[in-house]
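Chains A and B, in that order, give the protein sequences.
According to full-length UniProt numbering, the first sequence is numbered sequentially starting from 1.
According to full-length UniProt numbering, the second sequence is numbered sequentially starting from 1.
Glycine residues also receive a C-beta, built at the ideal position from the N, C-alpha and C atoms.
These figures come from a predicted structure and were not determined experimentally.
Protein chains: 2
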Amino acid sequence: MFSTFIDKSSDPVKFKEWKPKIEKYKTKLKENTKKEWEVSSSLLPSDIDETPFNAIETLPKVVDKSVLDIISQPAHKLAEKLRTGNLTAVDTFVAFAKAATIANQYTNYAMEFFVDEGLKRAEELDAYFKKHGKPVGPLHGLPISLKEHYNMKNKVTHASYVSLIENVTDTDAVTIQNLYEAGAVFYVRTSGPQTLMHLDSWNNITGRPRNPHNLMLGPGGSSSGEGAVVAMMGSSMGVGSDIGGSIRAPAGFCGVWGLRPTQKRISMKNTVGAFKGFEAVVCVIGPLARYAEDIDLWMKSVIGQKPWLLDCNVVPVPWRTVGKPTPSSLKIGIIYDDGIVKPHPPIERGLTYMKKVLSEAGIEVVTVKPPRVAEAVETINKLYSSDSGKCQLDLLEKSGEPLLPLTKWALGFGKGTGLMNAGEYRDLTDTRESIKEEYFNLMNDQNISFLLSPVYNGVAPMPSTIKYWGYTALWNLIDMPNLVFPTGLFQDPKIDVVDSSYTPRSEIEKYEYGLYDDPSKFVGAPISLQLTGRRYNDEEVVKCGELISDLLSK
Amino acid sequence: MFSTFIDKSSDPVKFKEWKPKIEKYKTKLKENTKKEWEVSSSLLPSDIDETPFNAIETLPKVVDKSVLDIISQPAHKLAEKLRTGNLTAVDTFVAFAKAATIANQYTNYAMEFFVDEGLKRAEELDAYFKKHGKPVGPLHGLPISLKEHYNMKNKVTHASYVSLIENVTDTDAVTIQNLYEAGAVFYVRTSGPQTLMHLDSWNNITGRPRNPHNLMLGPGGSSSGEGAVVAMMGSSMGVGSDIGGSIRAPAGFCGVWGLRPTQKRISMKNTVGAFKGFEAVVCVIGPLARYAEDIDLWMKSVIGQKPWLLDCNVVPVPWRTVGKPTPSSLKIGIIYDDGIVKPHPPIERGLTYMKKVLSEAGIEVVTVKPPRVAEAVETINKLYSSDSGKCQLDLLEKSGEPLLPLTKWALGFGKGTGLMNAGEYRDLTDTRESIKEEYFNLMNDQNISFLLSPVYNGVAPMPSTIKYWGYTALWNLIDMPNLVFPTGLFQDPKIDVVDSSYTPRSEIEKYEYGLYDDPSKFVGAPISLQLTGRRYNDEEVVKCGELISDLLSK
Chain A
1 MFSTFIDKSS
11 DPVKFKEWKP
21 KIEKYKTKLK
31 ENTKKEWEVS
41 SSLLPSDIDE
51 TPFNAIETLP
61 KVVDKSVLDI
71 ISQPAHKLAE
81 KLRTGNLTAV
91 DTFVAFAKAA
101 TIANQYTNYA
111 MEFFVDEGLK
121 RAEELDAYFK
131 KHGKPVGPLH
141 GLPISLKEHY
151 NMKNKVTHAS
161 YVSLIENVTD
171 TDAVTIQNLY
181 EAGAVFYVRT
191 SGPQTLMHLD
201 SWNNITGRPR
211 NPHNLMLGPG
221 GSSSGEGAVV
231 AMMGSSMGVG
241 SDIGGSIRAP
251 AGFCGVWGLR
261 PTQKRISMKN
271 TVGAFKGFEA
281 VVCVIGPLAR
291 YAEDIDLWMK
301 SVIGQKPWLL
311 DCNVVPVPWR
321 TVGKPTPSSL
331 KIGIIYDDGI
341 VKPHPPIERG
351 LTYMKKVLSE
361 AGIEVVTVKP
371 PRVAEAVETI
381 NKLYSSDSGK
391 CQLDLLEKSG
401 EPLLPLTKWA
411 LGFGKGTGLM
421 NAGEYRDLTD
431 TRESIKEEYF
441 NLMNDQNISF
451 LLSPVYNGVA
461 PMPSTIKYWG
471 YTALWNLIDM
481 PNLVFPTGLF
491 QDPKIDVVDS
501 SYTPRSEIEK
511 YEYGLYDDPS
521 KFVGAPISLQ
531 LTGRRYNDEE
541 VVKCGELISD
551 LLSK
Chain B
1 MFSTFIDKSS
11 DPVKFKEWKP
21 KIEKYKTKLK
31 ENTKKEWEVS
41 SSLLPSDIDE
51 TPFNAIETLP
61 KVVDKSVLDI
71 ISQPAHKLAE
81 KLRTGNLTAV
91 DTFVAFAKAA
101 TIANQYTNYA
111 MEFFVDEGLK
121 RAEELDAYFK
131 KHGKPVGPLH
141 GLPISLKEHY
151 NMKNKVTHAS
161 YVSLIENVTD
171 TDAVTIQNLY
181 EAGAVFYVRT
191 SGPQTLMHLD
201 SWNNITGRPR
211 NPHNLMLGPG
221 GSSSGEGAVV
231 AMMGSSMGVG
241 SDIGGSIRAP
251 AGFCGVWGLR
261 PTQKRISMKN
271 TVGAFKGFEA
281 VVCVIGPLAR
291 YAEDIDLWMK
301 SVIGQKPWLL
311 DCNVVPVPWR
321 TVGKPTPSSL
331 KIGIIYDDGI
341 VKPHPPIERG
351 LTYMKKVLSE
361 AGIEVVTVKP
371 PRVAEAVETI
381 NKLYSSDSGK
391 CQLDLLEKSG
401 EPLLPLTKWA
411 LGFGKGTGLM
421 NAGEYRDLTD
431 TRESIKEEYF
441 NLMNDQNISF
451 LLSPVYNGVA
461 PMPSTIKYWG
471 YTALWNLIDM
481 PNLVFPTGLF
491 QDPKIDVVDS
501 SYTPRSEIEK
511 YEYGLYDDPS
521 KFVGAPISLQ
531 LTGRRYNDEE
541 VVKCGELISD
551 LLSK
């Protein structure tokens, strides 16, 4: 399933030349951080690598009540107030921008602040509302954070590659245009890992973001910064992207909602990446938010802009208005174990709890053993590295930046740098289709409405440890939409004790299961799960999420 | 652009063993042809390889008036009568089945007749109507022909490969299911060329179908039989498929309408082909018909069955109801020459004529020079053979059947059997995307509603001569929907004289332009053109076609 990757990319001598550029970039980040909004450094924990520190719990103590009153509201409720003139864009903006600044002190999630631009935009939106008596769009005045992966006109977009640190892009990503036209306010771009191919986060530019629930832990990746800032209420909603789990891992580990939509409903045009001509697995952009209903708002607003008018690869499927399902109409299949890596105790507890919640609500719940997972993982790994890693290695070698451990791991996927011919590539695509068909039939034959499964075999991980992507990547391979949601439970070392009786079935399971060696490290990590629906049934998945949200808040 | 292909597949010794199977197949075809419906052989022309014979003009002389009264009606008008009980399915069926039988005597288009099944189905539909007072669906009782390329439960599907001549498939193609559910009656499956990768037709099973307008000429391919049977009124509408021009060449050469829809709107599930795991260029199924409005009926009826419920690769975009455009709202860009192969005199006449028709109707018409055609042709050719022809060669070698000239030509596309690595394949995909983008921008920047261009550089060809696919394959590469329509003009040796002053710009042009050496050979061949719209704007393309149909019949 994995081969050993030999690092020929790192070049300390060359990298030395690039270091001043990184320093310059970081200086700009610092300069563009509003000092007056930061909390006193005395309020920051000192030993975050040794002691779990919950930055979210600390937030109410370090931000003003007037700020908290705004940022703690769901985006869809804020949007309603902004659209009806019951809240100004400027007040909303300042509250989130302050929280975003403080959030960065705790979690180091930011790549770039441009708060002055955001403020100007908020002022313009208020002026527009005053003049016309109506909002510019459904997201009028909502501060939204952006993963540093999507082009913004006249700004650098490097996608965490040092060699692109001066890459000024001359277009806006179409999705950013859609969000802007819908009324969003931009002010911060957030961190991803090197190559964007880790399920956790670390890059050679801004280093390592942290998980706000427990600063010892990783926030997940690759939309790492989005997970952290949305959880820290530093933005009303965020924008991530996912080719293997990159929206869902950060959403799950940071305890927020995250949707990986069906491919080609949201535009990927004008984004920076190292996947030239790769369409066997399609990267998708989607929202992260703190409430189920916010996900619906985001999707409805972006698709409402008809992205297909700007990007001919987007399928012209409007966002359909569907009702919240009734429990008795649903049959949910739970995947307790994918057969490759057994979930750690806290995830097992989450699944058992959800089974109880769903059953008690009158939903039919069945156990599903997912077919062909090992084959799916092998297939997607080979596809990821189908160009022998060339696109990524070219960008890495240019700066000679050191390869981080999870970069080496991901570059070793499949055949690693071994050459693959086009026939093999097509065979893998064919296998993908056959697995896709099998899941399609599984749901139809058993009349299953949705599948419920782990996001990953564990809660948020210790940094640079995640190697198994199967729980998320399976769905990228066969392109079924997924909604990650927090169960409301958190890891508790007293309850989620190590199960030392379990005998792993493989090397990868031995490694991954072994990561849960000391429950005390993971204290407070959110227990999140993943809801999966049929292709293009994004609307139904989100609405089922809203029902689950109702059930969980009872 | 093309490499030499060395034939190692043909094996006369092995093929000898397969010949009895072919004979058995042909005997069955003969047995299933209703002798009592055939015309006397004395009515058939004897020297069809030497003298142009127009079978369409002969049709009214050889079929009964009662038959002609039915088969000459547009499908959408028949459908209305069938749906309202003003015509029975049996009467309709028998008329078309008789014409289909006679059409085969002239054009040799059929692969398989199953007229008894068709009659039984028609009787059942009449019984249904009698009992329920309503039709089963929008196509209630319409006899529809099918290319022999789509699975039909318990029937052989060989897709013109001798080695598959006993391949009994156990599923129905989803599109066939959709047509059936909509009320269609099936009774004949039609011929395609060896490998389905010719723009004309010839296979080692049933030989060569002929063009009904001039039996010396080819009907085009690969939906060869569909072009012939629809033109000969042997079915109310047909079902073709197109990965390089295979709906459009037969439609154009046979003087009927043909739509190549945007990919993934009509299901390709459960079809036989040799393109395992190939998604860089996507084959699409679409209708052939004698009237513009019939195309709309076919698409609306098939998509109305929600093919995405049976095939998760179909995008759930309902067939939208759009109005026929007003001439003043349109700007049509005409491509007179793609820069690679200049169209022959009759096609030039067709373009000039259409410019006049459109302009006089008040439509703004501009000339468009299509960008990057050579690059597009090279890209798609390399993609076609990206598995080094392996899928096709495996199926050919199994029977050792002789490779026909156009098979060798197509197998020599791109790199031929030279090995391509997955990185190159991805580079080609990337080039495709960049060309797609360029045409998207071209239409948006110049505010062009539709493009009008040749279907091929000539009218229907002498058999096994077409080598240039650029006029159709360009649109497969970048997936823009196309509607082929007859201008109502026909090649006339007196008007369409050879232009010997023209100096070809390349070897391929020299060859292709040189095919129009003797205008008398092409007499009576329909002059057809191709209308192209934006991706997913199939509805708009069809409605513009209806406007053009109105203008042409004025």
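Item, Value
"Which partner residues of residue 147 of chain A appear in the DSSP bridge assignment?", "A:190"
"Taking all protein chains shown into account, do 16 or more other C-beta atoms lie within 10 angstroms of the C-beta of residue 20 of chain B, making it buried, or fewer, making it exposed?", "exposed"
"What number of angstroms, rounded off, separates the C-alpha of residue 145 of chain A from the C-alpha of residue 279 of chain B?", "34 Å"
"Give me the Cα-Cα distance between residue 196 of chain A and residue 241 of chain A, rounded to the nearest whole angstrom.", "10 Å"
"Use the C-beta contact count for residue 267 of chain A: other C-beta atoms within 10 angstroms, 16 or more gives buried, fewer gives exposed.", "buried"
"Can you tell me whether residue 45 of chain A sits near the ligand NAD, meaning its C-beta is under 7 Å from at least one heavy atom of the ligand?", "In the structure shown, the ligand NAD is absent, as is every other ligand, since no ligand is present at all."
"Tell me whether residue 173 of chain B is buried or exposed, calling it buried when 16 or more other Cβ atoms sit within 10 Å of its Cβ.", "buried"
"Anything in chain B within Cβ reach of residue 274 of chain A, meaning under 8 Å, just list it in chain order.", "Neighbours of residue 274 of chain A on chain B: none; closest Cβ ~11 Å, over 8 Å."
"Please name the residues in the region 41-66 of chain B whose beta-carbon is closer than 9 Å to at least one beta-carbon of chain A, in chain order.", "none"
"Compare the C-beta of residue 319 of chain A with all C-beta atoms of chain C and state if any pair is closer than 8 Å.", "As a matter of chain content, chain C is missing from the structure shown, whose protein chains are A and B."
"Compare the C-alpha of residue 205 of chain B against each of B:45, B:188, B:165, B:342 and name the closest.", "B:165"
"Do residue 248 of chain B and residue 484 of chain B count as a contact pair if the criterion is CB distance below 8 Å?", "yes"
"Within the chosen definition, does the region 285-296 of chain B reach the region 327-340 of chain B through at least 3 CB pairs nearer than 8 Å?", "no"
"Taking only beta-carbon positions, decide if residue 312 of chain B is within less than 8 Å of chain A.", "yes"
"Give me, in chain order, the residues of the same chain whose beta-carbon lies closer than 8 Å to that of residue 510 of chain B; leave out the 5 immediate sequence neighbours on both sides.", "504"
"If I follow the unbroken alpha helix (DSSP H) through residue 426 of chain B, where does it start and stop?", "422-445"
"Start and end of the alpha helix (DSSP H) containing residue 352 of chain A?", "345-360"
"Which whole-angstrom value is the C-beta distance of residue 9 of chain B and residue 310 of chain B, which I expect to be below 8 Å?", "35 Å between Cβ atoms; not a contact."
"Buried or exposed: which applies to residue 458 of chain B, given that a residue is buried once 16 or more other Cβ atoms fall within 10 Å of its Cβ?", "buried"
"Just to check my reading of the structure: residue 138 of chain A and residue 182 of chain A have Cβ atoms closer than 8 Å, yes? What is that Cβ distance to the nearest angstrom?", "5 Å"
"Is the Cβ of residue 420 of chain B closer than 8 Å to any Cβ of chain A?", "yes"
"Which word fits residue 13 of chain B, buried or exposed, when buried means at least 16 other C-beta atoms lie within 10 angstroms of its C-beta?", "exposed"
"Does the beta-carbon of residue 487 of chain B have 16 or more other beta-carbons within 10 angstroms, so that it is buried, or is it exposed?", "buried"
"So, for residue 315 of chain A: in the same chain, excluding its five sequence neighbours on each side, which residues have a beta-carbon less than 6 Å away from its beta-carbon?", "264"
"Please name the residue in A:320, A:423, A:82, A:481 whose C-alpha comes closest to that of residue 440 of chain A.", "A:481"
"I need the DSSP call for residue 260 of chain B, collapsed to helix, strand or coil.", "strand"
"To which residues of the same chain is residue 364 of chain B closer than 6 Å at the C-beta, ignoring the five residues directly before and after it?", "331"
"Just to confirm the assignment: which complete beta strand (DSSP E) runs, minimum length 3, are found wholly within the region 100-132 of chain A?", "110-113"
"Which class does residue 499 of chain B belong to by DSSP, given the choice of helix, strand or coil?", "coil"
"Report yes if the C-beta distance between residue 446 of chain A and residue 274 of chain A is below 8 Å; otherwise report no.", "no"
"Got a sec: is the Cβ-Cβ distance from residue 244 of chain B to anything in chain A below 8 Å?", "no"
"How many Å lie between residue 54 of chain B and residue 408 of chain B at the Cα?", "31 Å"
"Cα separation between residue 1 of chain A and residue 410 of chain A?", "At residue 1 of chain A the pLDDT is 45, less than 50, meaning the model places this residue with poor confidence; the figure from the coordinates comes in the next sentence. Looking at the two C-alpha atoms, the distance is approximately 11 Å."
"Give the straight-line distance between the Cα atoms of residue 136 of chain B and residue 236 of chain B, rounded to the nearest whole angstrom.", "18 Å"
"For residue 11 of chain B and residue 149 of chain B, what's the separation of their Cα atoms in angstroms?", "25 Å"
"DSSP three-state call for residue 58 of chain B: helix, strand or coil?", "helix"
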